[in-house]
Structure formats: C-alpha cells, structure tokens
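Q:
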Amino acid sequence: MARVVVDVMLKPEILDPQGQAVNRALPRLGFDGVVDVRQGKRFEVELEGPADEAALARVREMAEKLLANTVIEEYRVRVEG
Amino acid sequence: MSARIGVITFPGTQDDTDALRAARVVGAEPVALWHRDPSLHQVDAVILPGGFSYGDYLRCGAIARFSPVMETVIAAAREGLPVLGICNGFQVLCESHLLPGALIRNAGTLFINRDVTLRVESNSTAWTSDYEIGREILIPIKNGEGKFAADERTLDELEGEGRVIARYLNNPNGSARDIAGIANAAGNVVGLMPHPEHAIEELTGPYPGPATDGLPFFTSVLKQLVNA
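Residue numbers (our numbering), protein chains in the order written: chain A, 27 to 107; chain B, -9 to 218.
Here is the structure:
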C-alpha cells in the first residue's frame, strides 16, 4: 500500500476570494505579518500496490481528468511515505 | 408533432421542473431525462438545468460531467444537438469542455440571488435567435459560483467570434468582461448563469417586471426545430 497525495491549487492568476477572506480574518485574530493566503484542496489517494512510475502516471491521469480542472487549477502529485 | 425538449435531472438538480414547464409553455413537448439513463429518448434539444448536481462536490458540475447521460449529450452536442446549460448546467458544460472557461467563486464570496439586467450580444445561436441584439432583459440569478473565468486568449476568441451571447449591465460577481453567457463555435451549445426559465410567466417572473424576458430562449430553439 502506498499513499499518493495530490495537491490542487487555483492558478496564480485566478482570484481566490476564499483565501482572501481567510487572509482578512487573520489580523482580527491577532495573527500579524501574513501577506497572502491561498486555499486549495488535498487528495489522499490510497493505492493497492506500490507507488511506482506506472502508478504515478495513473494518478496524474486521474488529476488531469477529474481531481483538477486545468482551466483554472494546477496540481502536484507526490508520494507520501 | 411538436419538438421534444429534454431536461436532465441529476441528484441535487433543483430547476428541472421549471425548465420542463418553460418547454411546455412555449409549446414543446417536455421530456424528463435521468442522469443514469444514457438514452436521450429521441429529444430534439436538451436543457441542463440549475441546482447543485452531486452536491457541488469536488467542483460544480465536475461529477455530473461523467454521468452516463452526459456521455451521450457530449457526443450529440458535437453532432449539432441544441443544448442549453443554465447555471449549474453551464458549469457542467464547461467541465465537459463543450464550452471554454470555468465558473468560479463569486468575487466577494457571497451567494447572489436577485434579478439582473443583461444585454443580449448574439442572436446567431440556437437559443437566442428570437432576441434582437442589444436588447436588455431582466433575468434572475442565484449562485455562489457564477464568476466566468478564462484566459485572455480564450476571452479574445469568444469576443472575436461573436460567441458572447449576453453580458451583465452591472457585473454582480466579477465575471471576466461582464460575460453572463457564451456559445460554442457552431452556436448549438449555449451556457448561461442567469435563469431564463424563471422569467417566462407574469405570475412568477421578476417583479415588478418585465416578467417574461426569458421566453425567447425557449421560443428560439423551438422555431429552429420546427423549421428544421
């Protein structure tokens, strides 16, 4: 068994109003010095077998087809372990 | 025999009843379609109605796009079947890549529910031929993720090819270039964030009105089908 993590974030040029709302809330709570916050998604994909190159290629395909919308988002695939 | 307009129901769809009613009001035969049934039951046009298909899980429209019925709709749309996506339906069309761009969280994060004025920008699509270009229409919007986004090249292409079908007069959600609706290159597939099916009758349309500015979306497609 292996766990592969897919992080999905809005592309830098896409405005992230949720991240902005979090960013604005932080000073009110006494957290100073934060310049920006961006919010994204984390998928933990549990694999039956090892996270070899073939398996990672499948996960990237998954990300491309379903987990991320590459019109507005970018993703990163990494093995957790 | 009258044209058959199909309306797809996904789990979480809310406006299928109103879309079916709009089809009936203009004189078409409304046909209810189900997300798990890949058959379109010989309909002449399809409406993807508003709502929260699959709870908007993952991204709005992302799961619905892979439902059995959508595989058929995508193939038929490429062959020229008229398809109108309203609100969540527009999101499904973008996720299906039948239309470019994406609908993302409104600038300001709030869910917006009000009547908005649109300016019709194109009447050379299957769903807008009954409008005059430049006509201002009052149509309700109700969404949290209605901000149209696309890269500059795509936006230029949409504008250059006359594929922006309607713009907001007072942009409520930060949509790029005030875009409220777009069409594919062939003009048979149209996506629109506001809800024309909620503006078809005096009793239930925007108050104090005009209440029926949404009707031409449905009469347009009907005329095309009857004349075909």
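Virtual Cβ for every residue (Gly too), placed ideally from N, Cα, C.
By how many angstroms is the C-alpha of B:A52 removed from the C-alpha of A:V103?
A: Answer to the nearest angstrom: the Cα atoms are 20 Å apart.
Q: Kindly say whether A:N49, judged by its beta-carbon, lies nearer than 8 Å to any beta-carbon of chain B.
A: Chain B contact via Cβ: absent.
Q: Starting from the Cα of B:I172, find the closest Cα among B:S112, B:A189, B:P130 and B:T99 and give me that residue.
A: Among B:S112, B:A189, B:P130 and B:T99, the Cα nearest to that of B:I172 is on B:S112.
Q: Does the distance between the C-beta of B:Y47 and the nearest non-hydrogen atom of the ligand SAM fall short of 7 Å?
A: Summarising the ligand content, the structure contains no ligands, and the ligand SAM is consequently not present.
Q: If we cut at 8 Å on Cβ distances, does B:E126 have a partner in chain A?
A: Not closer than 8 Å to any Cβ of chain A, the Cβ of B:E126 fails to qualify, so no.
Q: Quick test of your reading: B:L215 and B:D34, contact by CB under 8 Å. State the CB separation rounded to the nearest angstrom.
A: Going by Cβ atoms, the distance from B:L215 to B:D34 rounds to 5 Å, so yes, they are a contact pair.
Q: Near B:E85, what residues of its chain come up, given a Cβ to Cβ distance below 6 Å and the 5 sequence neighbours on each side ignored?
A: Around B:E85: G51, A52 and R55.
Q: Would you call the CB atoms of B:V21 and B:R(-6) closer than 8 Å?
A: Yes, the pair counts as a contact, with Cβ atoms nearer than the cut-off.
Q: How about B:C36 and B:T115: do their beta carbons lie closer than 8 Å?
A: Checking the sequence, you will find Val at residue 36 of chain B rather than Cys. No, Cβ-Cβ distance for B:V36 and B:T115 is not below 8 Å.
Q: Answer yes or no: do B:T209 and B:E191 have a C-beta to C-beta separation smaller than 8 Å?
A: Against a cut-off of 8 Å, the Cβ pair of B:E191 and B:T209 comes out as no contact.
Q: Helix, strand or coil for B:G136 per DSSP?
A: If DSSP states are grouped into helix, strand and coil, B:G136 belongs with coil.
Q: Since A:V30 and A:L82 are thought to touch, with beta carbons under 8 Å apart, how far apart are those beta carbons, to the nearest angstrom?
A: So it is a contact: roughly 7 Å between Cβ atoms.
Q: Excluding five sequence neighbours on each side, which residues of the same chain lie with their C-beta closer than 7 Å to the C-beta of A:V85?
A: Answer for A:V85: V30, V32, V71 and V103, listed in chain order.
Q: Can you tell which of B:G204, B:T144 and B:W24 has the C-alpha that lies nearest to the C-alpha of B:V63?
A: The residue with the shortest Cα to Cα distance from B:V63 is B:W24.
Q: Where do the ends of the alpha helix (DSSP H) carrying A:P4 lie?
A: Limits of chain A in this structure are 27 at one end and 107 at the other, which puts residue 4 of chain A out of reach.
Q: To which residues of the same chain is A:T96 closer than 8 Å at the C-beta, ignoring the five residues directly before and after it?
A: Excluding sequence neighbours, A:T96 sits near E90.
Q: Would B:Y158 and B:L108 qualify as a contact pair, given that the criterion is a beta-carbon distance under 8 Å?
A: Yes. Within cutoff.
Q: Flag this pair as touching only if the region 87 to 95 of chain B and the region 123 to 140 of chain B have three or more C-beta atom pairs under 8 Å; answer yes or no.
A: The region 87 to 95 of chain B, when compared against the region 123 to 140 of chain B, does touch it at the 8 Å Cβ threshold.
Q: Apart from the five residues just before and just after B:S57, which ones in its own chain have a Cβ nearer than 6 Å to its Cβ?
A: Excluding residues within five positions, the ones whose Cβ falls inside 6 Å are H25.
Q: So which of B:F207, B:A9 and B:R11 has the shortest CA-CA distance to B:V110?
A: Checking every option, the nearest Cα to that of B:V110 belongs to B:F207.
Q: Against B:I169, what residues of chain A qualify as contacts under a CB-to-CB distance less than 7 Å, listed in chain order?
A: Under the 7 Å cutoff, chain A gives no residues; its nearest Cβ is about 14 Å from B:I169.
Q: I need the straight-line Cα distance from B:A1 to B:L38, nearest angstrom please.
A: According to the sequence provided, residue 1 of chain B is Pro. The question's Ala does not apply to it. Cα to Cα, the separation comes out at about 12 Å.
Q: Have a look at B:P198, B:A189, B:A218 and B:A67 and flag the residue whose alpha-carbon is nearest the alpha-carbon of B:R11.
A: Nearest C-alpha to B:R11: B:A189.
Q: Output the boundary residues of the alpha helix (DSSP H) element that contains B:G41.
A: No alpha helix (DSSP H) contains B:G41, which DSSP labels as neither H nor E.
Q: Less than 8 Å between the CB atoms is what I'm expecting for A:Q65 and B:T99, so what's the real figure, rounded?
A: About 11 Å separates the two Cβ atoms, so there is no contact after all.
Q: Could you name the residues that DSSP lists as bridge partners for B:A92?
A: B:A139, per the DSSP bridge assignment.
Q: Could you name the residues of chain A that B:A176 contacts, counting a contact when the two beta carbons are closer than 7 Å?
A: None at all; the shortest Cβ gap to chain A is about 20 Å.
Q: If the cut-off is 8 Å on Cβ atoms, which residues from the region 63 to 97 of chain B count as contacting chain A, listed in chain order?
A: Taking 8 Å as the Cβ-Cβ cut-off against chain A, the residues of the region 63 to 97 of chain B that qualify are C84, E85, P90, G91, A92, I94, R95, N96 and A97.
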